[in-house]
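Colleague: Could you have a look at this structure, given as structure tokens, before my questions?
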Amino acid sequence: EIPESSRTARGTAIINLLQLMPGEKITAVIPFKEYEEDKYLFMVTKRGIAKKTPILEYFNIRKSGLQAINLRDDDELIEVKITDNKKDIIMVTKHGQCIRFHEKDVRTTGRNSMGVIGMNLSYDDEVVAMQLNTQGTQLLLVSEYGMGKCTNIEEFTPQHRGGKGIKCYKITEKTGNVVAAKAVNSDNEVMLITTEGIIIQIMVDEISILGRITSGVKLIDLDPNKEIVVASITKVRDVIPEDIN
50 EIPESSRTAR GTAIINLLQL MPGEKITAVI PFKEYEEDKY LFMVTKRGIA KKTPILEYFN
110 IRKSGLQAIN LRDDDELIEV KITDNKKDII MVTKHGQCIR FHEKDVRTTG RNSMGVIGMN
170 LSYDDEVVAM QLNTQGTQLL LVSEYGMGKC TNIEEFTPQH RGGKGIKCYK ITEKTGNVVA
230 AKAVNSDNEV MLITTEGIII QIMVDEISIL GRITSGVKLI DLDPNKEIVV ASITKVRDVI
290 PEDIN
């Protein structure tokens, strides 16, 4: 239903595909082929709530949608993953805090439930990303002013859900807040998108691997008042035979 278009095309308006409520926006897009009994949708919100629901509860979704989570007025869904009840969950906040816990710590609940506390946040902090430990061997953290680094995921020791977590990024005036966190492997490629709509691509193995309490290096030169808004991981870069020397 979505036609293929060029890199610079505007694309298809979501409102033509889905019936969204006023002020509602898309949080996650999850491709999958079939509904399986042992699979779950794991969700986290910016206020640190975590929720796990069997994916079978979302069978036969109508165009107007189904209620996926019950949110407080001051909260919003920020990330959704398909899991199998065997993964570790990694939540990252804009102030550079991180918590890792096993998804079994989150009890299974129905579609209309709110979930449980996944991470205890400071009063002005909020969750900006959720990743799975199986998605990569390193955690890439990107700040709003174009700084970033990779840290080995094993540096993040699993603990029980509901804690404040540990420091994973050093925030300074030069870095700004954390805007993205992605579990990556060294052969992945990162796509960074700015508020200007500029896209740059960089290989993960070109980004420094540093400890938890560091700020990283400059990934992109930004004009004044411009920021990074999105970081996305693409597949392993294809090797073109004529490029091999």
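If you use the numbering used here, the sequence shown corresponds to residues 50 to 294, in order.
Backbone N, C-alpha and C fix where the C-beta goes; we use that ideal spot for every residue, glycine too.
#1: Is the number of C-beta pairs between the region 187 to 205 and the region 224 to 232 that are closer than 8 Å three or more?
#2: Any idea what DSSP makes of K136, helix, strand or coil?
#3: Quick one: which unbroken beta strand (DSSP E) runs of 3-plus residues sit fully inside the region 207 to 272? Chain order, please.
#4: As an exercise, report each continuous beta strand (DSSP E) stretch of at least 3 residues that is fully enclosed by the region 152 to 200, in chain order.
#5: Where does E128 sit, in a helix, a strand or coil, going by DSSP?
#6: Just the C-alpha distance for L271 and G97, rounded to the nearest angstrom, thanks.
#7: How is the beta strand (DSSP E) around P103 delimited, first residue to last?
#8: Is the beta carbon of I104 sitting closer than 8 Å to the one on I127?
#9: Could you tell me the boundaries of the beta strand (DSSP E) in which S281 lies?
#10: Going straight from the alpha carbon of I262 to that of L66, what length do you get?
#11: If we count Cβ pairs, one from each stretch, closer than 8 Å, do we get three or more for the region 134 to 143 versus the region 168 to 187?
#12: Determine the closest residue to T283 out of E276, I277, G260, I251, with distance taken between C-alpha atoms.
#13: If I measure Cβ to Cβ from P290 and keep anything under 6 Å in the same chain, skipping five residues before and after, which residues do I get?
#14: Hey, could you find the ends of the beta strand (DSSP E) Y89 is sitting in?
#15: So if DSSP puts R59 in a beta bridge, which residue, or which two residues, is it bridged to?
#16: So what's I148 in DSSP terms, helix, strand or just coil?
#17: Are Q208 and D174 closer than 8 Å when you measure CB to CB?
Modeller: Per the coordinate set shown:
#1: yes
#2: coil
#3: 227 to 233, 238 to 243, 248 to 252
#4: 176 to 181, 187 to 192
#5: strand
#6: 30 Å
#7: 98 to 103
#8: no
#9: 277 to 283
#10: 43 Å
#11: yes
#12: I251
#13: Low confidence applies here, because P290 scores a pLDDT of 43, under 50, leaving its location unreliable and the question unanswered by this model.
#14: 89 to 94
#15: BP columns for R59 are empty, so no partner.
#16: strand
#17: no
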